[in-house]
Amino acid sequence: MTPAELLAHYDNGQPWSPTPAGAATPDVAQAYQEALAVRRRRLDRGELPQGFKIGFTNRGIWQRYNVFAPIWGTVWNTTLVFCEGEGEVALEHVCQPRIEPETVFGMRARPEPDATLDDLFDAIEWMAPGFEIVQSHLPDWKFAA
116 MTPAELLAHY
126 DNGQPWSPTP
136 AGAATPDVAQ
146 AYQEALAVRR
156 RRLDRGELPQ
166 GFKIGFTNRG
176 IWQRYNVFAP
186 IWGTVWNTTL
196 VFCEGEGEVA
206 LEHVCQPRIE
216 PETVFGMRAR
226 PEPDATLDDL
236 FDAIEWMAPG
246 FEIVQSHLPD
256 WKFAA
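Heads up, the sequence shown is in this note's numbering, so the first residue is 116 and it goes up one at a time.
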């Protein structure tokens, strides 16, 4: 699937066509390359990166999903909502949504590559409880953490 097709499925909340039996699936490196191409399209249409999401931090589920490291993704201005008190999230263009509780934090500064735990802590500007609306465009997606 091309980056344009991937983004169209995302924009419209549409599932992908079923993958033919025996079809090769991309490895993580290839998936990151495709994600970078989608990122470029999102930047080109005016979306702005706001930070990063680190998924699959629970090593206990890695084998189940054939994942062997955390997976990074961009958080966009079009997908991040701050809420004080009550709020609503529109889901009409979200494909097979699930909710996942999170600890959310904003960084005051970018940590150095050799940062200590104290350096990382000092770089945090704020923390808050939050949640992620997880979606998948795979038909009949099942997810249990």
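Even glycine gets a Cβ: it sits at the ideal position worked out from N, Cα and C.
Sequence-distant partners of N192 (beyond 5 residues in either direction) whose C-beta falls short of 7 Å from its own C-beta, in its chain, are E162, L163 and Q165. Following the DSSP letters along the chain, one finds E149 inside the alpha helix (DSSP H) bounded by residues V143 to D159. Look at P164 here: in three-state DSSP terms it is strand.
At the C-beta level, V196 and G202 come within 9 Å of one another. In the DSSP assignment, P244 is bridged to T218. Rounded to the nearest angstrom, the Cβ distance from G245 to E217 is 5 Å, consistent with a contact under 8 Å. If you draw a straight line from the Cα of S251 to the Cα of Y125, it is about 9 Å long. W187: not part of any alpha helix (DSSP H); member of the beta strand (DSSP E) spanning I186 to W191, first to last residue. Between L253 and T172, the C-beta gap is not smaller than 9 Å, which leaves the two residues out of contact.
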